[in-house]
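Undergrad: Before we start, here is the structure in question, set down as structure tokens.
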Amino acid sequence: MITITPLPAWGSLLAPLTGAAATDVKLAEPWLAPGSGDVQAVWFSRAAWAMQALVRWRQSLNGGEKPRLWLPGYFCNQSTFPAREAGARIVFYPVDMDLAPDWAQCRRMAAEAPPDLFILVHYFGAPADAAEAKAFCRETGALLVEDAAHVLRPVQGVGEKGDFVFYSPHKVLAVPDGALLLMRNKDGEDIIRAAAAGDSSRSGPWPGPWLAKRALQKVLPGPLLSRRARARRPAFLDDPPYQALPPAPRMSAMARAMLAGAAPSLASSLAVAAQARRDNWQVLRRSLDGLPACRPLEIYNDAAPYRFVLRCDDPETAAALFADFHRRGCPAESWPDLPGEVLADPELHKAALHLRRTLVMLPVHQTAAAGELVSCCGNKN
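What follows is the structure, encoded as structure tokens:
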């Protein structure tokens, strides 16, 4: 049975019992890009809480004025909830069919109301053009935030230009929560750290549901899990189920202990995981070669793919392919739940809407066996 996300080793689940501990900076070392310079590391339970902290940080340094937060139109609406709660004036800028910002349109929009914080997303683990984004931010006076939530570890083109960078280890590693914010701008650092700590009377998120789900996925027979997966059959155009954010911004004690326990060898483990993801991506590419009216979203150089992404020619092909994967028990995904502002402006966000309706994602994570991937998700024709 192939799962969407990596499964933990039994030994890693015992990390809280070992008393392993590490500072924020020590935990962050595997995500510090070469030449990143003097940066501050702050850990959250989710990157959405880190984005909220940036909104409040910018507001506090800007005389209380609510900052303009620019996000790409192809973005998960659930991830915007904390920033909205903080009062951010959110603007969604258009992307093109290659998932890059539409810079011409961005400049027209900035002439009327420039951004304070500009989020550049490195989609599916592939580096976006951060140099162009940095140039745009210099023109407009904005601070650049690199969203590397889909990135396993730094590669060339990721984490080098941003005033802030965030990673989401919980998305790519077998940990219950954990998101890292790297800061080059130290003004008001205490505001960010206070936001990460949250209410001192509340602990970090309780990992019990995550533990129970992962344990079941590890112990239940594969055929039983496959039958359960085939029975679900989600509709392609339905948004992914709502997953409530952890109520506390603070990373859980268990996630911290698991990362601390792995810290001595984490950098080398990430290198192994990156190679496994690239290998699985290539296995699926060969197996799915020849599927009509679709092709893979390419991953270049040493980037580790977050998913195997199929670009379909039209929504009908994507929906049929998605349904076929689920009939076979392959956990294909559609993404994201687009924000209402994007849905309300189909002309400006034409590309984002088309991408949402034509991209199908398959797992390639490091704990998925290549043979099982092909058996579950490969081309049966």
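Heads up, the sequence shown is in the working numbering, so the first residue is 339 and it goes up one at a time.
Backbone N, C-alpha and C define an ideal beta-carbon position, used for all residues, glycine too.
Predicted model, so just to flag it, every value in this text is computed and none were measured.
1. Kindly indicate which residue of LEU575, PRO507, GLU484 and PHE462 has the alpha-carbon position closest to the one of SER672.
2. Can you tell me the Cβ-Cβ gap for GLY411 and VAL433, rounded? I've got them flagged as a contact below 8 Å.
3. Check whether the Cβ atoms of MET283 and ALA517 lie closer than 9 Å to each other.
4. If HIS508 sits next to VAL489, beta carbons under 8 Å apart, how far is it from one beta carbon to the other, in whole angstroms?
5. Identify the continuous alpha helix (DSSP H) that holds MET389 and give its terminal residues.
6. Once the 5 residues before and after GLY739 are set aside, which same chain residues still bring their CB inside 7 Å of it?
7. Does the region 618 to 630 come close enough to the region 545 to 552 to have 3 or more Cβ pairs within less than 8 Å?
8. Under the assumption that GLY497 contacts TRP395 (Cβ atoms under 8 Å), give the Cβ distance between them as a whole number of angstroms.
9. Pairing CB atoms from the region 416 to 426 with CB atoms from the region 373 to 389, are three or more of them under 8 Å?
10. Determine the direct distance from the alpha carbon of ALA550 to that of GLU470, and round the result to whole angstroms.
11. Just grab the DSSP bridge partners of ILE428 for me.
12. For a test of the three-state rule: what should DSSP assign to LEU511, helix, strand or coil?
13. From the DSSP output, in three-state form, read off GLU654 for me.
14. Could you tell me which of ASN415, GLU403 and ARG624 sits nearest to LEU583, measuring between CA atoms?
15. Go through its chain and collect everything with a Cβ distance to GLU477's Cβ below 8 Å, but skip five positions before and after it.
16. Confirm, please, whether the CB-CB distance from PRO514 to TRP369 is below 9 Å.
17. For LEU520 and PRO630, I'd like the C-alpha separation in whole angstroms.
18. Start and end of the beta strand (DSSP E) containing PRO634?
19. Is it the case that the Cβ atoms of ALA480 and ASP454 are separated by a distance below 9 Å?
TA: With the structure as the only source:
1. In the sequence shown, counting from the first residue as 1, residue 672 sits at position 334. Taking SER672 as reference, the option from LEU575, PRO507, GLU484 and PHE462 with the minimal CA-CA separation is LEU575.
2. Walking along the sequence shown from the start, residue 411 turns up at place 73. Walking along the sequence shown from the start, residue 433 turns up at place 95. Indeed, because the Cβ distance is near 6 Å, the residues count as touching under 8 Å.
3. The question about residue 283 has no answer here: the residues shown for the chain are numbered 339 through 719.
4. Counted from its first residue, the sequence shown places residue 508 at position 170. Counted from its first residue, the sequence shown places residue 489 at position 151. Not confirmed; about 13 Å, so no contact.
5. Your numbering for residue 389 matches position 51 in the sequence shown. Counting along the chain, the alpha helix (DSSP H) containing MET389 begins and ends at 385 to 398.
6. Since the first and last residues shown for the chain are 339 and 719, residue 739 lies out of range.
7. No contact exists between the region 618 to 630 and the region 545 to 552.
8. Along the sequence shown, one-based indexing puts residue 497 at 159. Along the sequence shown, one-based indexing puts residue 395 at 57. In fact, because the Cβ distance is near 19 Å, the residues do not count as touching under 8 Å.
9. With contact defined as three or more Cβ pairs closer than 8 Å, the region 416 to 426 and the region 373 to 389 are in contact.
10. By one-based count along the sequence shown, residue 470 stands at place 132. By one-based count along the sequence shown, residue 550 stands at place 212. One C-alpha to the other measures close to 44 Å.
11. The count along the sequence shown starts at 1 and reaches residue 428 at position 90. According to DSSP, ILE428 shares a beta bridge with LEU407.
12. Start at 1 with the first residue of the sequence shown, and residue 511 comes out as number 173. Looking at LEU511 - three-state DSSP - the assignment turns out to be coil, as it is neither helix nor strand.
13. Along the sequence shown, read from residue 1 onward, the residue named residue 654 stands at position 316. Looking at GLU654 - three-state DSSP - the assignment turns out to be helix.
14. Walking along the sequence shown from the start, residue 583 turns up at place 245. Nearest C-alpha to LEU583: ASN415.
15. Stepping through the sequence shown from its first residue, residue 477 is reached at position 139. The beta carbon of GLU477 sits closer than 8 Å to the beta carbons of ARG445 and ALA448 from its chain, once the five residues preceding and following it are set aside; these are given in chain order.
16. Here the question's residue 369 lines up with position 31 in the sequence shown. Here the question's residue 514 lines up with position 176 in the sequence shown. Note that the C-beta distance between TRP369 and PRO514 is not below 9 Å.
17. The residue you call residue 520 lines up with position 182 of the sequence shown. The residue you call residue 630 lines up with position 292 of the sequence shown. In a straight line, the C-alpha of LEU520 is about 42 Å away from that of PRO630.
18. Start at 1 with the first residue of the sequence shown, and residue 634 comes out as number 296. For PRO634, the uninterrupted beta strand (DSSP E) segment begins and ends at 632 to 634.
19. The sequence position of residue 480 within the sequence shown is 142, counting from 1. The sequence position of residue 454 within the sequence shown is 116, counting from 1. Yes. Within cutoff.
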